[in-house]
């Protein structure tokens, strides 16, 4: 069975987060610098290049060449990916019940007052 092309490893997520946080296409050196500074990593260009190649293969990124430089651009938005992961989390950990997942979250980390207010607003919108 092949690897799932719809999910990312933790390392791939860090690389994608750097790309999602940029308003421009990025080069390998820019991505290496941003990942290392943002996430306190010491990744070498070859390591990041491997993650980028996997992300291109999974259709999360496209690479464009200009001269000897490759530029990377996201094909999947952070919102689309995040929503997919939330849905997976509800299905798996919440047994397809968002309420159960929310209760489990509250047991692990008590919801803040502003979070509770947001939940109440969402409930009121459903009525």
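In our numbering, the protein residues as written are 8 to 134.
Using N, Cα and C, we set each Cβ at its ideal position, and we do this for glycine too.
Predicted model only: the values in this text are computed from it and were never measured.
field: Host alpha helix (DSSP H) of residue 119 (start-end)
entry: Counting along the chain, residue 119 falls outside any alpha helix (DSSP H), and DSSP gives it neither H nor E.
- prompt: Count the other CB atoms within 10 Å of the CB of residue 82; is the residue buried (16 or more) or exposed (fewer)?
  reply: exposed
task: Report yes or no: do the stretch 62-74 and the stretch 109-116 share at least 3 C-beta pairs separated by less than 8 Å?
output: no
field: Simplified DSSP assignment, three categories, for residue 56
entry: Looking at residue 56 - three-state DSSP - the assignment turns out to be helix.
task: Drop a sphere of 10 angstroms on the beta-carbon of residue 17, count the other beta-carbons inside from all chains shown, and report buried for 16 or more, exposed for fewer.
output: exposed
task: Assess, as a yes-or-no matter, whether the stretch 70-77 is touched by the stretch 29-39 under the definition of 3 or more beta carbon pairs within less than 8 Å.
output: yes
- prompt: Taking just the CA atoms, how far does residue 95 sit from residue 127?
  reply: 23 Å
- prompt: Per DSSP, residue 4 is paired with what?
  reply: Given that the chain is displayed from residue 8 to residue 134, the structure contains no residue 4 and the question cannot be resolved.
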